[in-house]
Ligand SMILES: Cc1ncc(C[n+]2csc(CCOP(=O)(O)OP(=O)(O)O)c2C)c(N)n1
Ligand SMILES: Cc1ncc(C[n+]2csc(CCOP(=O)(O)OP(=O)(O)O)c2C)c(N)n1
Ligand SMILES: [Mg+2]
Ligand SMILES: [Mg+2]
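Residue numbers (our numbering), protein chains in the order written: chain A, 42 to 418; chain B, 42 to 418; chain C, 41 to 367; chain D, 41 to 367.
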């Protein structure tokens, strides 16, 4: 017989309890998980802590810059640092990452200069970095589109014969809201049918702007993978160690030819959707308060303090570094030159294009006419 | 812990064995299924047999008409009669059905005049029937689109307060290939999130034109529903009784407010994709031969003969009726008037439209110019 | 008469539509509690309930596709697409289903669906938030395409669109959402200007300037500025982009003998092309100069620091006007 | 020189492309064993393997989206869209990703992807199988749009499209797939006419007739017929629809003083609009009559029994030509 029972109706998802993979509790206690043993040194944990603090600092600075009118908008990663740093640090140099527009922490782990992110949010470019320099693709704003790019890229890895022991794999980021897009589901189909080396990393931060998770799914999101025939799992997205461990394992499986995995990192968007959003219109303060207790940084700090692995000097040093980073980020923003008008016509095509050239020449002449008339444009 | 293991790689699906819901074996033996007791009289089974024969006859006639140049193309339902008649006869008059382009058997059950189907395939109209007359929506050719229409319609039923004991529900048909389209997956999301009264009826006929099922999924299709949190099941699509029973149950559940079900009717496209297709290019004759043994008509005939429920007279009468139907279908095709040129401009908008009127008037004048010049257009 | 912002006027129009017909629904992303990212649906879910003002899953094809199903069941859905650049996932449903269902059914089926699209640039946004895709819809038979430019029209045009038995794509000029204007909410709907009609928003005799949506304010400002230099520009707000109100346009161009079309969308293949081609056919002997087009460049929309150069402003509009006099 | 059908010439061109560069891939629905519904990819999977000629899941957004990913990894995918009417599920990936990635990356990323679309009507097909959506793509900066009309061009243009570092939408006239023509498969690719260039396919002096794809044969037939009546029509095959080869067009129109554009797509907002607008700007004082457009009506494509009326045929093309002489 073949009957597959689903839930009878919508249900509020609970992210706590036994179904979450966790290696570090909100209180900072290290716990073991039979399937995800993590061999990690204290120094490595300290390095992760440093990452968490620094990416939060980039975020804080960017929000401030936006408030001061220096950025058009900013999408804060507040609360999602562990999901991003944990997964980001699980990648090898040859792996490729496809972000959304909120993966500043992953960008950091891949080595992208934060100034590049500011360029985008300042409106100086649409991104403009070379995806191959750090194996970190451009930010993608149209929800879900990048999941297909990632899957196609993974199919390219297969064609390059780069799957195997020492293979390469792809990770693609998307949100809970994105799981409703046709493209994301098509990417699940492609990845499973071609057994492509791609890890789907869904940061379920509980909200798609004002819409709670129930608007996207009535069952936990990690279970979506079942419908497509590949493994899905849910990890505590505020636990940097667990995120590191599950991503490592899934990436290694992909590299070795075992195909895709869906990782649902259960986390929370602690800030507004973007700096133009006002979450008080749609969610209760109490929810945010309860998530503050699960802060991804604080639990690592608690662990380091409790185990004596780090002392006040360490924390002071990290704070100082964060301060410097903040200053550097700010400076890079304030000294960023505006693009020149005629760059509008650049990088549309690889070769000279009659239409673009025609419009550029006319526009250049138009701009010149102001100069010669000595009237400001 | 939350790990969901999927298949490790592509696997050839097998449609036989215990996972299929079956009430009538290919040999015509009646079997029971604990979850799908079917209380059906001999007369009703004979009526189903008649339906099967008649819809096959429509199909044969249409193929012949196409060969003779009377239809532009025809999409044959050969082999899928049981899936269509079984599900079609499970519907109540108030239920709404959304077909693809191959649901001639469902059309028959809903009471649509087969001539209407010929109009479409002859190129006289794009369908042109009133979906509300028989609660049978227009054929939809763009793969998967109708699944969202069906889901929206079901949301309308909810808003009308027509869910409950005596409620209404929707059934939507699509193929195995269609399951790869974003729209179909989005409809699964909508239906589950809103718990809409819709039954997804997938006729898995093993092929999407030349592509075998493995190009669309590496696990059985009924399991797709798991990923979205509603029940999925697989029925022997060549077993009219099982199709009737599972569809009845799923429709009743939907009517009562228990939400969507995915039914995978495991069947086989015994003919070409359409009359322009040449399946010998991509599939083996042996496959077809093996499916002939599972013919949806023959097993009902065997059952009726074996149980003595029907005698030669009955079969002769059905054949005679089929012959008459064939003649009627043929005649309706041959006597169908061609549409008038100016109908191009009709039914584009509900009210007079300046652009359409402008073009129509000019075209009418243009046509008139030939008349007055006495030159043939 | 009340003074309302365009966003608020649209909100009032939606409220009226919801009040007047229980079959009217509002659906889209974040249209409920949040009231939409531009607050156009503010308060509607609170007042009309979740059954009628529906926060949908995040998928535009799903929004339009289920709206079609709801319309088949007798509802009149108003879909909000959050930003212009996000209408493309729904393009297939719009072009192949929404536009074609009436013909497919030989008139048995109407799909009275409105798709609201906040459009255009000038708000300093990131990629995909500043597009003007109207020409793509105007090319599709079976769709009505309209654009409002100011509060009073927003208020009436949304209601007229909802009343229309055909699918309507309604473009809303997002950078004008906070512009204020007088709205007569007490006026008899019968007295409203037809949804098919263009309107002369600035009288003039030397040249006809055609525009719509966000460019109307720019064009009127241009006309006012030009008047000081002694040049009399007639500005017509097209309002209906498909079909065009050719009569109004023709009457003006035959009078002025010169015509400029302005829009934010790329000039190549934009609506200006259709207008120029048609006007030239209709007014060949009246034209003193070719119909000139001023619009976005034929490139992707640039990063926002460049948008002031990309978007036609008062100077570029007047430059085009000047050029028609150079012929 | 070999005599090949257009379908076969395209097949040979694809074969060359696959041979010349191991990074070239062919992907789409039924392109493998079946060889595509028009047999354009016949035999390619057999010869180049399933790794390079890929039967994909049935989802066009997936086809284009994964092709983008493959291109990011260094491949050069050629995507087949089975029929024109089925390109719309992929429209979002084409417009927002394919067209914009180069600018988004400030030139770091190239997406050398070809999207082959069998297009147009006249084959007696059901709905969605006879569309001409080229204008929708020509409006999108970042895309190249080209159309072939005969076997020799099919053979070279597919190879040039594959070599192009930018995304190319290649329209193939499906009702001309079985038309035969001479193809010089030994010619030096350097000698091929540029992918940017229009070509005069019938010389004339009285009027310029612009067309592309399936309409070329019709237009040449019209020119031949008109010649018998003493009217000399110059027919230009545009080949590149975006960008247009304005120089070739202008030179002809300045010489003839009259111009007609013919295409199957609806006239409203079709490519003819852009051409008419641009030509009028460029050749205002040379034009004896407005540029006239002849094309599909601004309705959905009708059922096939009506398509002979919908599609501009020789008579309707000549009617438009006649009308330009009535000015
Ligand atoms: C196709 C598309 N539709 C709508 C939007 C507008 N939008 C931007 S972010 C967002 C919510 C995304 O939610 P989720 O996927 O959960 O990611 P999160 O922002 O929470 O990280 C929406 C609706 C978009 N960017 N793309
Ligand atoms: C969006 C779209 N893409 C491609 C096609 C062309 N096409 C028509 S039928 C078909 C195969 C459909 O397979 P399946 O869903 O299994 O249904 P079946 O024909 O087997 O009943 C294809 C690719 C289409 N109609 N729509
Ligand atoms: Mg989210
Ligand atoms: Mg099938």
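Beta carbons: idealized from backbone N, C-alpha and C, even for Gly.
{"Item": "Any contact between the stretch 357-365 of chain B and the stretch 127-147 of chain B? By contact I mean 3 or more CB pairs, one from each, below 8 angstroms.", "Value": "no"}
{"Item": "State yes or no: is the C-beta of residue 246 of chain A nearer than 6 angstroms to some heavy atom of ligand 3?", "Value": "yes"}
{"Item": "Can you list, in chain order, the residues of its chain with a C-beta nearer than 7 angstroms to that of residue 203 of chain A? Leave out the 5 residues immediately preceding and following it.", "Value": "209"}
{"Item": "Considering only C-alpha positions, which residue in the set B:179, B:314 and B:226 is nearest to residue 146 of chain C?", "Value": "B:179"}
{"Item": "What in chain C is Cβ-close to residue 168 of chain D, meaning under 9 angstroms?", "Value": "136 and 140"}
{"Item": "Given a threshold of 16 other Cβ atoms within 10 Å of its Cβ, counted over all protein chains shown, does residue 189 of chain A qualify as buried or as exposed?", "Value": "buried"}
{"Item": "From the DSSP output, in three-state form, read off residue 73 of chain C for me.", "Value": "coil"}
{"Item": "Would you please verify whether the beta carbon of residue 54 of chain C is less than 7 angstroms from any beta carbon of chain B?", "Value": "no"}
{"Item": "For the stretch 292-369 of chain B, list the beta strand (DSSP E) runs that are entirely contained and at least 3 residues long, ordered along the chain.", "Value": "302-307"}
{"Item": "Given residue 279 of chain A, which residues of its chain have a CB within under 6 angstroms of its CB, disregarding the five upstream and five downstream residues?", "Value": "123, 308, 335 and 337"}
{"Item": "Would you say residue 129 of chain C faces chain D, with C-beta separation under 7 angstroms as the test?", "Value": "yes"}
{"Item": "State yes or no: is the C-beta of residue 307 of chain D within less than 7 angstroms of the C-beta of residue 333 of chain D?", "Value": "yes"}
{"Item": "On the criterion of 16 or more Cβ atoms from any shown chain inside 10 Å, does residue 325 of chain B qualify as buried, or is it exposed?", "Value": "exposed"}
{"Item": "Taking Cβ-Cβ distances shorter than 7 angstroms, what residues in chain B pair up with residue 12 of chain A?", "Value": "Since the first and last residues shown for chain A are 42 and 418, residue 12 of chain A lies out of range."}
{"Item": "Using only CA atoms, which one of C:259, C:267, C:227 and C:303 lies nearest to residue 42 of chain C?", "Value": "C:227"}
{"Item": "In chain order, what residues of the same chain lie with their CB nearer than 8 angstroms to the CB of residue 429 of chain B, ignoring the 5 residues before and after it?", "Value": "Not covered by the structure: residue 429 of chain B. The range shown for chain B is 42 to 418."}
{"Item": "To be precise: take each residue of the stretch 354-367 of chain D, compare its Cβ to all Cβ atoms of chain B, and keep it if any distance is under 8 angstroms. Which residues remain?", "Value": "355, 356 and 359"}
{"Item": "Give a yes or no on whether 7 angstroms exceeds the smallest Cβ distance from residue 87 of chain D to chain B.", "Value": "no"}
{"Item": "Straight-line CA distance for residue 298 of chain D to residue 313 of chain D?", "Value": "15 angstroms"}
{"Item": "Which residue comes first and which comes last in the alpha helix (DSSP H) that contains residue 199 of chain C?", "Value": "191-203"}
{"Item": "Taking 7 angstroms as the CB-CB limit, is residue 181 of chain C close to chain B?", "Value": "yes"}
{"Item": "According to DSSP, is residue 248 of chain B helix, strand or coil?", "Value": "strand"}
{"Item": "Count the other CB atoms within 10 Å of the CB of residue 264 of chain B; is the residue buried (16 or more) or exposed (fewer)?", "Value": "buried"}
{"Item": "Output yes if chain A places a C-beta closer than 7 angstroms to the C-beta of residue 208 of chain B; else output no.", "Value": "no"}
{"Item": "For residue 63 of chain D, is the classification buried or exposed, using 16 other Cβ atoms within 10 angstroms of its Cβ as the cut-off for buried?", "Value": "buried"}
{"Item": "With a 10 Å radius around its C-beta and 16 neighbouring C-beta atoms as the bar for buried, classify residue 405 of chain B as buried or exposed.", "Value": "exposed"}
{"Item": "Counting Cβ pairs closer than 8 angstroms, one from the stretch 165-178 of chain D and one from the stretch 394-411 of chain A, do we hit at least three?", "Value": "no"}
{"Item": "Using a Cβ cut-off of 7 angstroms, pull out every chain A residue sitting near residue 233 of chain B, in sequence order please.", "Value": "259"}
{"Item": "Helix, strand or coil for residue 78 of chain C? Go by DSSP, reduced to three states.", "Value": "coil"}
{"Item": "Just to confirm my understanding: we take residue 138 of chain B, look at its own chain, exclude 5 residues before and 5 after, and list those with CB closer than 7 angstroms. What are they?", "Value": "132, 147, 151, 176, 177, 178 and 212"}
{"Item": "Comparing C-alpha positions only, which one of C:201, C:310, C:138 and C:361 sits nearest to residue 232 of chain C?", "Value": "C:201"}
{"Item": "Buried or exposed: residue 126 of chain B, going by 16 or more other Cβ atoms within 10 Å of its Cβ?", "Value": "buried"}
{"Item": "For a contact defined as C-beta to C-beta under 7 angstroms, what are the partners of residue 226 of chain B on chain A?", "Value": "223 and 226"}
{"Item": "Between B:316, B:273 and B:198, which lies nearest to residue 303 of chain B when the distance is taken from Cα to Cα?", "Value": "B:273"}
{"Item": "How many Å lie between residue 313 of chain A and residue 108 of chain A at the Cα?", "Value": "13 angstroms"}
{"Item": "If you count every other CB in all the chains shown that lies within 10 Å of the CB of residue 6 of chain B, and 16 or more means buried, which is it?", "Value": "No answer is possible for residue 6 of chain B: it lies beyond the span of chain B, which begins at 42 and ends at 418."}
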